[in-house]
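Here the numbering used here is used: the first residue of the sequence shown is 5, the next is one more, and so on.
Just so you know, even glycine gets a beta-carbon here, dropped at the ideal spot from N, CA and C.
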Amino acid sequence: LFSVQRHSLIKLAPLQRTKGEKASYCLACLFSLIEQARYLQFRKWPAEWGWCRDLQSFIFVFERHNRIVLERPEYGYATYFFELVDSSTIDWQIRRLVTAMKLTSYSRVNLIENRALTVGKDLSEGEARVLMSYGWIRNTGLGTMLKYCDRVIHDRITEKDGSEWKSKIEKLLVAGYSGGSIVENSVDHNVAQNGPEIKLELDWLSKLSLCYKKEAIALPFNETAF
Numbered sequence: 005l006f007s008v009q010r011h012s013l014i015k016l017a018p019l020q021r022t023k024g025e026k027a028s029y030c031l032a033c034l035f036s037l038i039e040q041a042r043y044l045q046f047r048k049w050p051a052e053w054g055w056c057r058d059l060q061s062f063i064f065v066f067e068r069h070n071r072i073v074l075e076r077p078e079y080g081y082a083t084y085f086f087e088l089v090d091s092s093t094i095d096w097q098i099r100r101l102v103t104a105m106k107l108t109s110y111s112r113v114n115l116i117e118n119r120a121l122t123v124g125k126d127l128s129e130g131e132a133r134v135l136m137s138y139g140w141i142r143n144t145g146l147g148t149m150l151k152y153c154d155r156v157i158h159d160r161i162t163e164k165d166g167s168e169w170k171s172k173i174e175k176l177l178v179a180g181y182s183g184g185s186i187v188e189n190s191v192d193h194n195v196a197q198n199g200p201e202i203k204l205e206l207d208w209l210s211k212l213s214l215c216y217k218k219e220a221i222a223l224p225f226n227e228t229a230f
């Protein structure tokens with residue numbers, strides 16, 4: 005499946021799990037995503053990433069693959085994939101994602117299981133109005149509104165060589181590329197202009213990645229899909 009060999013930014017020594025040891029964040033997964041984005045940029049394909057202070061998360065945008073990817077350290081040890089649609093700007097879609105995930109009623113379970121949210125029980129009227137301005141429909145789940153696709157679970161302790169989660173991440177990106185552009189129902193995008201400012205700190209992440217440029221491991225990519 006993979007024909008092009010590239011180098012990632014960091015080399016992590018294999019770990020032996022001891023009895024009672026807790027799972028820890030898989031830093032290699034973050035740098036794998038960074039390297040994939042850099043490879044796409046090298047091929048002149050649109051790919052951006054940055055640190056979102058509001059969510060304490062890394063957000064990746066793979067435009068040709070129609071995916072927004074959320075990598076949140078210590079957040080379920082998983083990488084979360086969302087559909088990127090053509091009918092809305094990328095900035096607006098990121099704002100919608102961040103706004104929904106900052107709600108007090110938000111939880112991973114609600115997202116993954118796409119549980120229907122009830123106003124007055126799960127959401128206040130104020131929260132409901134905010135979500136509805138971003139296209140949410142009453143008594144539906146956040147997964148539907150945010151175009152949630154899937155997640156890839158990983159942690160640094162249980163992984164051996166990382167091949168399983170790397171393969172899953174690559175398959176999800178390839179599936180997004182193969183699926184073509186996505187168009188959603190009309191939504192009032194003016195809400196993005198009136199909401200709080202959300203910044204992705206791109207320069208900070210670039211400096212972080214450069215700290216590890218001297219160490220490398222081989223990481224394969226699919227040339228046809230990337």
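Asked	Found
Sub-8 Å separation of L150 and R100 beta-carbons	yes
Straight-line Cα distance separating V65 from A82	17 Å
Completely contained alpha helix (DSSP H) runs for the stretch 70-121, where each covers 4 or more residues	94-105, 112-116
Backbone CA spacing between C33 and K170 [nearest angstrom]	8 Å
Residues of its chain near H69, where Cβ-Cβ distance is below 6 Å and the 5 sequence neighbours each way are ignored	L177, G180, Y181
Distance between beta carbons of R142 and A132, contact taken as under 8 Å	7 Å
Spatial distance of S92 from D126 (CA atoms)	27 Å
One or two residues paired with A51 in a DSSP bridge	F66
Rounded separation between S109 and K48 - CA only	40 Å
The beta strand (DSSP E) enclosing V156, as first and last residue numbers	152-157
C-alpha distance - R112 paired with F62, whole-angstrom precision	16 Å
Status (buried if at least 16 other CB within 10 Å, exposed otherwise) for F46	exposed
Exposure of S167, with buried meaning 16 or more beta-carbon neighbours within 10 Å	exposed
Minimum C-alpha distance to C56 - residue among K175, Y138, I98	I98
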